[in-house]
Structure formats: C-alpha cells, structure tokens
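What follows is a single structure, written as structure tokens, with notes after it.
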Amino acid sequence: MKLQSFQNMGFKFSLLFADGKTIRTDLRPLIGAYLGSGSCFGADRP
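Read left to right, the sequence shown gives residues 59 to 104 (the numbering used here).
Here is the structure:
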C-alpha cells in the first residue's frame, strides 16, 4: 500500500492510501489511559 497523504491534526492522524483505504486514529484515549494508570509517575505517587 502506497501512502498518498498524511494529515496531522493534533492528536488525530489520518492516513490516505493510493488504493482508497483510509486509516484514522485518535491518540487522546490512549494518552488518557496511560496517564490515568499512573505509569508515568512511578509506583509511589498517591
């Protein structure tokens, strides 16, 4: 699959391929889950 265009809209990405397929992703839920898990703060943070 050849990438035809890429759009970066903050935390949202859109990839359009030459065969007409489009992939859209929103990183906000993933980032929120990561921050909510406390994994970026260490185990001793309340």
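Each residue gets a CB set at the ideal place from its N, CA and C atoms; glycine is no exception.
Every value quoted in this text rests on a predicted model; they were computed, and no experiment measured them.
(request) Look at Gln62 and Ala76 and say whether their C-beta atoms are less than 8 Å apart. (result) Counted from its first residue, the sequence shown places residue 62 at position 4. Counted from its first residue, the sequence shown places residue 76 at position 18. Between Gln62 and Ala76, the gap from beta carbon to beta carbon is short of 8 Å.
(message) Rounded to the nearest angstrom, what separates Arg82 and Phe71 at their Cα positions?
(response) What you label residue 82 is simply residue 24 of the sequence shown in a count that begins at 1. What you label residue 71 is simply residue 13 of the sequence shown in a count that begins at 1. Looking at the two C-alpha atoms, the distance is approximately 6 Å.
(message) Quick check: what's the CA-CA separation for Leu74 versus Asp84?
(response) Stepping through the sequence shown from its first residue, residue 74 is reached at position 16. Stepping through the sequence shown from its first residue, residue 84 is reached at position 26. So the two alpha carbons sit approximately 15 Å from each other.
(request) Report the three-state DSSP secondary structure of Leu74 (helix, strand or coil). (result) Position 16 of the sequence shown, counted from the start, is the residue given in the question as residue 74. Reduced to three states, the DSSP call for Leu74 is strand.
(message) By the DSSP assignment, the alpha helix (DSSP H) with Leu61 in it spans what residues?
(response) One-based indexing of the sequence shown puts residue 61 at position 3. For Leu61, no alpha helix (DSSP H) run applies; the uninterrupted beta strand (DSSP E) run containing it begins and ends at Leu61 to Met67, by DSSP.
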